[in-house]
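Chains as they are written, first to last, in the working numbering: chain C, 748 to 1045; chain A, 748 to 1045.
Note that the Cβ used here is the ideal one computed from N, Cα and C, for glycine as well.
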């Protein structure tokens, strides 16, 4: 299996801001919709403030305001080469100008909003294909996303699921994401919105996927398509279903509460790491340990 | 170690009702603050609708309304022998009438509210001592509690902890509860209020305690001081820290995010069970498996 050389940076969204802004009213402080520390890390991983960043506002229903906020935030840390791609539908997604631009940037950043807009608008497009190829082949090509933009990164994507009803089979709705990474399911706003049971249900339906629950102001930098490093001020909750001994979820009717015996859970803060393939928590992400690269390529 | 012969029934509270009512405004439908199915089970475990029930409203700041709701709810299922004990302070707790009454009932039910009121008012009192003795020695003596009343049952009790900041060391405040059961930490309103990280922090600080996260309209019936059976419509999340391989919580300063490698988590729905001492999930609570009784008494 090919090891991607690019980097993914999935961010959980912001406390009391971020996607709430979708509901109509623009939050006054939305400029700081996530901490500048995380933005700085994105810029650093892509090679510095001069490298081209394209912000894709497709997930949002208020793309102009959201886009403006990204320009301001990147501007604050000195980025001078940032632009917005207001792709609103599949017709926009085949626009030649946009295709050229995704060929020439060093970073794409998917904004928050509705992740189902990302999968429905980009699924099967040449634009997505270019991003996937660049991510797989180019060192220091960065695909970043916040909230919906983070959730859409994985091949398995939650697009709906009320946290308070997430203990009921079928309440958590899943479809195919943009496919930058397999074997994980990424959830966002994890602490504030109480999404543990929701992500556990997604993991229970196929334990080949590890659940990655991103807190607010918190993210995971993913390299080699496998090695994760927690960044930001909060925590990341990892749910590993590999050792589930019992679950009734296949056998109960839709709408009934499900049960699971033996999930493994890890809580990562800044600097901790996790290896997806090896299902291994790393106290220090910087300590190499075994990576997919070393395992598969010798 | 003595095996208690009584029963504990810890209930997680109600969806959008229950302790929210503490904030001042009485919820219109507060009557149904938890499902009658759970109340029926309490009554059944205590020996039927004629047995004496004392509702202790101490945790609540609106004891008269809350008490009225309990009378109505128990009345709905045919209980005719229910009364309220509005113990407001430690002076009330030594009132001879109340002491007589806790000697003569078959069930006590602690209402929701603030669990710190329960520990501060009942801690070290004769009244609590009588309840503990009866619980330990009398078969079918039932101690029930909802929300704060459930959280106060364990020896280790969370009394405060904002869910959104629960990833920070020291945000989760713990003290000694009423001590009906050791080796567990009970949390309530678990799903709706997103308390996974909060309970995980409590478990991380001493993994000898198993975290019991009770969802809304959901409870655990505990027999032999060890065997749990999930009841109600939601789910119970169990957090077992016994196999934690790494945690930084002892070493970081207060206010910093903590990390944990390898929590074991189980999600129980109605009918599932859990053995605290053996740290064992039971797909069918009714299937005896090993109990503390069998282990310790032969």
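Going by DSSP, which residues form a beta bridge with residue i?
i               : result
residue 901(C)  : 928(C)
residue 825(C)  : According to DSSP, residue 825(C) bridges with nothing at all.
residue 985(A)  : 959(A) and 1013(A)
residue 849(C)  : Its beta-bridge partners do not exist; DSSP assigns none.
residue 857(A)  : 803(A) and 892(A)
residue 865(C)  : Residue 865(C) pairs with nothing; no bridge assigned.
residue 1022(A) : 974(A) and 1027(A)
residue 915(C)  : 1004(C)
residue 993(A)  : 1008(A)
residue 832(A)  : 803(A)
residue 933(A)  : 959(A)
residue 721(C)  : Chain C is shown only over 748 to 1045; residue 721(C) falls outside these bounds and no answer can be derived.
Once the 5 residues before and after residue i are set aside, which same chain residues still bring their CB inside 7 Å of it?
i               : result
residue 931(A)  : 901, 956, 957, 959 and 1023
residue 1004(A) : 914 and 915
residue 840(A)  : 834, 868, 869, 872 and 874
residue 790(A)  : 796, 824 and 826
residue 884(C)  : 752
residue 970(C)  : 754
residue 925(C)  : 865, 866, 869, 875, 899 and 900
residue 933(A)  : 757, 897, 898, 900, 901, 959 and 961
residue 912(C)  : 918
In angstroms with no decimal places, state the Cα-to-Cα distance between residue i and residue j.
i               : j               : result
residue 711(A)  : residue 984(C)  : Limits of chain A in this structure are 748 at one end and 1045 at the other, which puts residue 711(A) out of reach.
residue 753(C)  : residue 968(C)  : 11 Å
residue 773(C)  : residue 921(C)  : Annotation note: pLDDT 43 at residue 773(C) (below 50); position unreliable, no value reported.
residue 775(C)  : residue 873(A)  : Confidence at residue 775(C) is low in this model, with a pLDDT of 41, below 50, so the placement of that residue should be treated as unreliable; the coordinate-derived value is given next. Between residue 775(C) and residue 873(A), the C-alpha separation is close to 55 Å.
residue 877(C)  : residue 1020(C) : 29 Å
residue 1007(C) : residue 952(C)  : 10 Å
residue 879(C)  : residue 887(C)  : 13 Å
residue 882(A)  : residue 891(A)  : 11 Å
residue 796(A)  : residue 898(A)  : 26 Å
residue 751(A)  : residue 1018(C) : 46 Å
residue 818(A)  : residue 929(A)  : 31 Å
residue 997(C)  : residue 1014(A) : 15 Å
residue 802(C)  : residue 1027(A) : 49 Å
residue 788(C)  : residue 1000(A) : 24 Å
residue 965(C)  : residue 756(C)  : 10 Å
residue 943(A)  : residue 804(A)  : 27 Å
residue 972(A)  : residue 1016(A) : 20 Å
residue 820(A)  : residue 829(A)  : 10 Å
residue 852(A)  : residue 845(A)  : 11 Å
residue 855(C)  : residue 800(C)  : 6 Å
residue 903(C)  : residue 1010(C) : 19 Å
residue 848(C)  : residue 798(C)  : 13 Å
residue 946(A)  : residue 941(C)  : 12 Å
residue 905(C)  : residue 749(C)  : 26 Å
residue 831(A)  : residue 1032(A) : 32 Å
residue 786(C)  : residue 811(C)  : 19 Å
residue 843(C)  : residue 927(C)  : 22 Å
residue 986(A)  : residue 909(C)  : 22 Å
residue 979(A)  : residue 937(A)  : 14 Å
residue 809(C)  : residue 822(A)  : 53 Å
Is the shortest distance between the beta-carbon of residue i and the beta-carbons of chain D less than 8 Å?
i              : result
residue 984(A) : Considering every chain present, this structure includes no chain D. Its protein chains are C and A.
Contact check, residue i vs residue j under 8 Å by CB: the rounded distance?
i               : j              : result
residue 950(C)  : residue 988(C) : 4 Å
residue 1029(A) : residue 759(A) : So it is not a contact: roughly 19 Å between Cβ atoms.
residue 935(C)  : residue 894(C) : 5 Å
residue 977(C)  : residue 889(C) : About 17 Å separates the two Cβ atoms, so there is no contact after all.
residue 784(C)  : residue 917(C) : That pair is no contact at about 39 Å.
So, for residue i: in the same chain, excluding its five sequence neighbours on each side, which residues have a beta-carbon less than 6 Å away from its beta-carbon?
i              : result
residue 807(C) : 813, 858 and 860
residue 954(A) : 988, 989 and 991
residue 981(A) : 962, 963, 964 and 965
residue 837(C) : 868
From which residue to which residue does the beta strand (DSSP E) around residue i run?
i               : result
residue 803(A)  : 800-803
residue 791(C)  : From DSSP, residue 791(C) is part of no beta strand (DSSP E) but of the alpha helix (DSSP H) over 783-793.
residue 757(A)  : 754-758
residue 1027(C) : 1027-1029
residue 976(A)  : 974-979
residue 967(C)  : 965-970
residue 999(A)  : Here residue 999(A) belongs to no beta strand (DSSP E), and DSSP marks it neither H nor E.
residue 920(A)  : 920-923
Which residue marks the beginning of the alpha helix (DSSP H) containing residue i, and which one marks its end?
i              : result
residue 879(C) : 873-884
residue 944(A) : 943-952
residue 839(C) : 837-840
Sorted by chain position, which residues of the same chain lie with C-beta nearer than 8 Å to residue i's C-beta, five sequence neighbours on each side aside?
i              : result
residue 850(A) : 877 and 881
residue 907(A) : 863, 919 and 920
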